[in-house]
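Read the sequence shown against the UniProt record's numbering and you will find it ends at 196, with the numbers running on by one and no gaps. Positions of the beta carbon are idealized from the N, C-alpha and C atoms, including for glycine. Note that the structure is predicted; figures quoted are calculated from it, not measured.
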Amino acid sequence: MSLPLFPLNTVLFPGCNLDLQIFEARYLDMIGRCMKQGGGFGVVCILDGHEVGVAPQGFALVGCEARITDFQQQDNGLLGIRVQGGRRFHVLRTEVQRDQLILADVEWLDDEPEQPLQDEDADLVALLRALAEHPMVEALNMGNEALGQQSLANQLAYLLPFAEEDKIDLLQLDDPQQRLDAIQALLDELQGELFA
Numbered sequence: 001m002s003l004p005l006f007p008l009n010t011v012l013f014p015g016c017n018l019d020l021q022i023f024e025a026r027y028l029d030m031i032g033r034c035m036k037q038g039g040g041f042g043v044v045c046i047l048d049g050h051e052v053g054v055a056p057q058g059f060a061l062v063g064c065e066a067r068i069t070d071f072q073q074q075d076n077g078l079l080g081i082r083v084q085g086g087r088r089f090h091v092l093r094t095e096v097q098r099d100q101l102i103l104a105d106v107e108w109l110d111d112e113p114e115q116p117l118q119d120e121d122a123d124l125v126a127l128l129r130a131l132a133e134h135p136m137v138e139a140l141n142m143g144n145e146a147l148g149q150q151s152l153a154n155q156l157a158y159l160l161p162f163a164e165e166d167k168i169d170l171l172q173l174d175d176p177q178q179r180l181d182a183i184q185a186l187l188d189e190l191q192g193e194l195f196a
């Protein structure tokens, strides 16, 4: 499967919303094609390089499909789009086109079926509700309810202020319980740093 990539300094997770301003010709063309064909593009986190200009040298080989859910002309004249994370993928090969757009051959990663929330998830559910009240999170319009462990893990991994490398590791985990355990471990680490 061939997928155009949009390398960013962020990690997108399935079911999560991201707002982008598009101004580079390669991405305006890519968005136009996606909208015509009803397809998406891949968001991968930059490890070496920049969002603007030449294609970054290094980026995560695991990413998330982005599907356009809304678009509008911004006050500054730029195209603003909202995307929602779709399927996770692994990058097999890439090719940089003349306009510096990266095309990738990807394989889709299987997600475990959604599992019901457990009693021990109550603290993390409460944390998600608290996060959802923040104006920046509220503006993303993702709701504040998790439908199950997968949904809870994706939203927390996306919204919490973890290092990008940690978020990439979380995105690679297939099992929602493993992802929730890893999130809890990262939270414990953050708390330890706060009180050290």
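Per the coordinates, the alpha-carbon of Q100 lies some 8 angstroms from the alpha-carbon of G53.
In the same chain as M35, and ignoring 5 residues on each side of it, the C-beta atoms closer than 7 angstroms to its own belong to I68, in chain order.
If you draw a 10 Å sphere on the C-beta of S151, you find 16 or more other C-beta atoms in it, and that means buried.
Taking V106 as reference, the option from L180, P176, F41, L18 with the minimal CA-CA separation is F41. In the DSSP annotation of this structure, the continuous segment of the beta strand (DSSP E) that includes A66 starts and ends at 62 to 73.
Here the segment 156 to 167 lies against the segment 175 to 189, with 3 or more beta-carbon pairs under 8 angstroms apart.
In this structure, the CA atom of I168 is about 18 angstroms from the CA atom of R93.
Annotated three-state conformation of E189 is helix, per DSSP. When secondary structure is reduced to three states using DSSP, N9 falls in the coil class, being assigned neither helix nor strand. The C-beta separation of F71 from L3 comes to about 19 angstroms, leaving the pair out of contact by the 8 angstroms criterion.
Q74 is positioned such that its CB atom lies no closer than 9 angstroms to that of N17. C45: member of the beta strand (DSSP E) spanning 41 to 48, first to last residue. Taking a contact to require three or more Cβ pairs closer than 8 angstroms, the segment 46 to 66 and the segment 162 to 180 qualify as touching.
Distances from the alpha-carbon of A60 to those of Q118, G143, P7, F195 put P7 closest.
N9 has its alpha-carbon roughly 16 angstroms from the corresponding atom of F23.
Of the residues E95, A104, Q97, V96, the one whose Cα lies closest to the Cα of E65 is A104. Under the 10 Å beta carbon count, R129 is surrounded by fewer than 16 other beta carbons and is classified as exposed. D175 and Q149 have their C-alpha atoms roughly 9 angstroms apart. In this structure, L171 keeps its C-beta atom at 9 angstroms or more from the C-beta atom of G80.
As for any beta strand (DSSP E) of minimum length 3 sitting wholly inside the segment 86 to 125, the runs are 102 to 108, ordered along the chain.
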